[in-house]
Amino acid sequence: MAPGADYENAHVWVVVPALNTAARRSGGVPHFGNLPIGQAAVIVSLAEVHGYYFASFTNITIANGLAPSLTYQATTLAQFEAAVRAL
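When we follow my numbering, the leftmost residue of the sequence shown carries the number 102, and every step to the right adds one.
Rendered as structure tokens:
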């Protein structure tokens, strides 16, 4: 996670561009279910810590038990929105 980020202040989505769909983590549970195994996807995360934003875009291939590490970079909401639209 980004410094100071946790499950309370970070949002996480799995974006599957080939299927034009996204799933978000919900219910405070740090995992996703019912995703297409073998499909290329991007884990997208946005965290807000003390008024500063941090984003992560991690390319993955969906697999059973996948637990990738996310690397966060400082961002602005405008930069984050542009990056999401580019997916």
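Note that the Cβ used here is the ideal one computed from N, Cα and C, for glycine as well.
| Check | Outcome |
| --- | --- |
| Which residue comes first and which comes last in the alpha helix (DSSP H) that contains R186? | L178 to R186 |
| Using beta-carbon positions only, say whether V150 and P104 come within less than 8 angstroms of one another. | yes |
| Terminal residues of the continuous beta strand (DSSP E) containing E149? | A141 to V150 |
| Contact check, Q140 vs A156 under 8 angstroms by CB: the rounded distance? | Contact doesn't hold; Cβ gap of about 22 angstroms is too wide. |
| May I ask which residues mark the beginning and end of the beta strand (DSSP E) holding A119? | That residue, A119, is in no beta strand (DSSP E); it is neither H nor E in DSSP. |
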